[in-house]
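In the working numbering, each residue's number is its place in the sequence shown (first place is 1) plus 156.
We put the CB at the ideal spot given by N, CA and C, even for glycine.
Below is one structure, written out as structure tokens; comments come after it.
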Amino acid sequence: MKCHVLAVGQRLPDWAEAACADYLKRFPPEARVVVRTVKAETRADGRSAEAAMAAEAERLRAACPKGAHVVALDERGERCTTAELAQRWARWQRLGSDVALLIGGADGLDPALRAQAHERLRLSDLTLPHALARVLLLEQLYRVWSIHAGHPYHRA
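The structure is reproduced here in structure tokens:
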């Protein structure tokens, strides 16, 4: 299984870029995590949030690997502990397909894309800045890998 983190956004601040790069290099080849950023839609010229989210959704769909199990990260998604995420990771591995975790833009994910996802998860009950959400997701994915690998990073 390859895990794809597909995020709407611009360039991350240096601190977030460094943190993401650090977590990504920790994964072994058999637990590859790939991050791909798609262009955020501007709201210039009176463009509505709905139109912007729809355009971003098309970019996310295009970036999503064919046949992937799609997980939308959304504030209305299911709450999930790290242990529960580790159980989901194991289930995703058994599916035999890639997994795509979607992070929306400033206005969130397009409702139609969110509804089409196989699962909807929330990272936190708190509102997180986009860069911090990406770092948090990668840290949790690394922690989940460490749980399954028996690596000492996770101490429960």
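Other residues of its chain near R182: CB distance less than 7 Å, five sequence neighbours each side excluded:
Y298
C-beta contact flag for R270 and G264 at 9 Å
yes
Which whole-angstrom value describes the C-beta separation of L279 and V189, a residue pair presumed to lie in contact below a C-beta threshold of 8 Å?
Not a contact, Cβ separation roughly 15 Å.
Does the separation of the CB atoms of T193 and A208 fall below 9 Å?
no
Looking at the unbroken alpha helix (DSSP H) that takes in H304, where does it start and where does it end?
286–305
Would E231 and D266 qualify as a contact pair, given that the criterion is a beta-carbon distance under 9 Å?
no
Could you tell me which residues DSSP puts in a beta bridge with A256?
H160, V226
With distance defined between alpha-carbon atoms, name the residue in K158, W245, R167 nearest to K118.
This structure cannot settle anything about residue 118, because the visible part of the chain is limited to 157 through 312.
Return the Cβ separation of L258 and A228 in integer angstroms, given the expectation that the two are a contact with Cβ distance under 8 Å.
5 Å
Would you mind listing the beta strand (DSSP E) stretches within the segment 200–247 that are 3+ residues and don't spill past its ends, in chain order?
225–234
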